[in-house]
Amino acid sequence: MALSNMYDQPTVSPRKRSLTQLREWKKVEWKKKLRRFEKAEEKIKKFPLGPQYKAGLRRPSPVWRLFPRQKLAFDFARCCKQDVHVFACEVEGESENGQRKYLVTTYEQFWDMYSVLHPNMDGHFYEVIPEGATSHLYFDLEFSKVVNPGSDGVTMVSTLIRYVCWFLKKKYNLTCTEEHVLDLESSTEEKFSHHLIFHLPGAAFQDNRHAGNFVHEMCEKLHLCCDKQHRLADDAELQELVAAVPGLDQLFVKNKDGERVLFIDEGVYTKNRNFRLYKSTKLGRRAPLIVAPLCKYKLQEGSKASWEGSKASWDKQVFLDSLVSNVR
């Protein structure tokens, strides 16, 4: 019977094999071991473990926990004694359907991992802005360059910053300039994309929902200001705005459906919003979020970094200042 053939050739132990058989056996075993190493390497590349991190008197104790669900990550973070935060990550081969993993760690440890394992800016990480957390004012700006070939994104950003500063002064009596605005970009030939983070002198918003309410109010005023049907002669404040910030009508673009819209995304102020990190790319894209060439932001007083200082300390400070919920 064919079944009996299974027992015709007894297994030969490595000690009783000939030299040639032993060499072949070692080759097979080595290939198996090599494949295990390759699989482990692939797994680490998808979502690396934290590198060795040494705690000290001035550095927090190491915390590095990965969760499949955002709620689990926040539940764990609330129980930690350390000042930990939640980050989201898109994982190659697993996040194509929109599912992300969530990491709980400190800012210090995250940056140590991030700067070492992703020097080529190929990570896919996001800050998770916690519900109810004090927040900087932030903006997500974008439009299609293909649909809007005549739009000058750089000029539009400058105009928007002047308008926001005017509105902050009018509403809260806060003085703000371009030096208080960190401008990050990830534009491509097809798409204009910038993030703005405002570091208001001595002030911040109660949470990102309140920041969103401010942005919505600001956008409503923009629509009124640029609406040809609206009579500016009957609105002294709008007249003042038009005189103070010329070119506001340039902040409008066409979307893919040909509709006239602002280049401000008003949908990024939701609960536990994921906001892309400095030097990260979206999964499947090759445009990392970096400091815009014309950014005039002045690093916060008291920071050890400066525009002329070491690249490592400068990068770390930009990372910290780019975090919406990192309000000091």
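In this text, residue positions in the sequence shown follow our numbering: the first is 1427, and each later residue adds one. Backbone N, C-alpha and C define an ideal beta-carbon position, used for all residues, glycine too. Being a predicted model, the structure only gives us computed values, none of them experimental.
request  = Evaluate N1431 with the Cβ neighbour count: other Cβ atoms within 10 Å of its Cβ, from every protein chain shown; 16 or more gives buried, anything less gives exposed.
outcome  = Within the sequence shown, the letter at position 5 stands for residue 1431. Legend: pLDDT at N1431 = 46, less than 50; position of this residue unreliable, value from coordinates given subsequently. It counts as exposed.
request  = Would you mind reading off the limits of the beta strand (DSSP E) that contains Y1723?
outcome  = In the sequence shown, the residue the question calls residue 1723 occupies position 297. Careful: Y1723 lies outside any beta strand (DSSP E) and carries neither H nor E.
task = Take D1747 and list the residues in its own chain whose beta-carbon comes closer than 6 Å to its own, dropping the five residues that flank it on each side.
result = On the sequence shown, residue 1747 is found 321 positions in, with the first residue counted as 1. Result list for D1747: L1608, in chain order.
key: Backbone secondary structure at F1689 - three-state DSSP   = By one-based count along the sequence shown, residue 1689 stands at place 263. Looking at F1689 - three-state DSSP - the assignment turns out to be coil, as it is neither helix nor strand.
ask   = How about V1530 and V1542: do their beta carbons lie closer than 8 Å?
value = Counted from its first residue, the sequence shown places residue 1530 at position 104. Counted from its first residue, the sequence shown places residue 1542 at position 116. Cβ distance not < 8 Å, so V1530 and V1542 don't count as in contact.
ask   = From S1613 to E1568, what does the alpha carbon distance come to, in whole angstroms?
value = The residue given as residue 1613 occupies position 187 in the sequence shown. The residue given as residue 1568 occupies position 142 in the sequence shown. So the two alpha carbons sit approximately 9 Å from each other.
query = Is the beta carbon of F1624 less than 8 Å from the beta carbon of L1677?
reply = In the sequence shown, counting from the first residue as 1, residue 1624 sits at position 198. In the sequence shown, counting from the first residue as 1, residue 1677 sits at position 251. Cβ distance not < 8 Å, so F1624 and L1677 don't count as in contact.
key: Span separating the alpha-carbon of E1604 from that of G1579   = Within the sequence shown, residue 1604 is the residue found at index 178, counting from 1. Within the sequence shown, residue 1579 is the residue found at index 153, counting from 1. Taking the straight line from one Cα to the other gives about 16 Å.
task = Tell me, to the nearest whole angstrom, how far the beta carbon of L1709 is from that of E1516; I am working on the premise that it is less than 8 Å.
result = Reading the sequence shown from its first residue, position 283 is the one you call residue 1709. Reading the sequence shown from its first residue, position 90 is the one you call residue 1516. Their Cβ separation, rounded to whole angstroms, is 4 Å, which keeps L1709 and E1516 in contact under 8 Å.
query = Is it right to say Q1535 is buried, meaning 16 or more other beta carbons lie within 10 angstroms of its own, or is it exposed?
reply = Your numbering for residue 1535 matches position 109 in the sequence shown. Looking at its Cβ environment, which holds 16 or more other Cβ atoms inside 10 Å, Q1535 is buried.
request  = Spatial neighbours of M1644 within its chain, please: CB distance less than 8 Å, with the 5 preceding and 5 following residues excluded, ordered by chain position.
outcome  = The residue given as residue 1644 occupies position 218 in the sequence shown. Excluding positions up to five away in sequence, the list reads Y1589, V1590, F1593.
ask   = Can the beta-carbon of F1745 be found closer than 8 Å to that of W1490?
value = Translated into the one-based positions of the sequence shown, residue 1745 becomes position 319. Translated into the one-based positions of the sequence shown, residue 1490 becomes position 64. Contact: no.
Pair within 8 Å by beta-carbon distance, Y1723 and G1638 = What you label residue 1723 is simply residue 297 of the sequence shown in a count that begins at 1. What you label residue 1638 is simply residue 212 of the sequence shown in a count that begins at 1. Their beta carbons are not under 8 Å apart, which means Y1723 does not touch G1638 by this criterion.
key: Assumed close pair V1573, K1682 - CB separation to whole angstroms, cut-off 8 Å   = For this step, residue 1573 is matched to residue 147 along the sequence shown. For this step, residue 1682 is matched to residue 256 along the sequence shown. Between K1682 and V1573 the Cβ distance is about 6 Å, and since that is below 8 Å, they are a contact.
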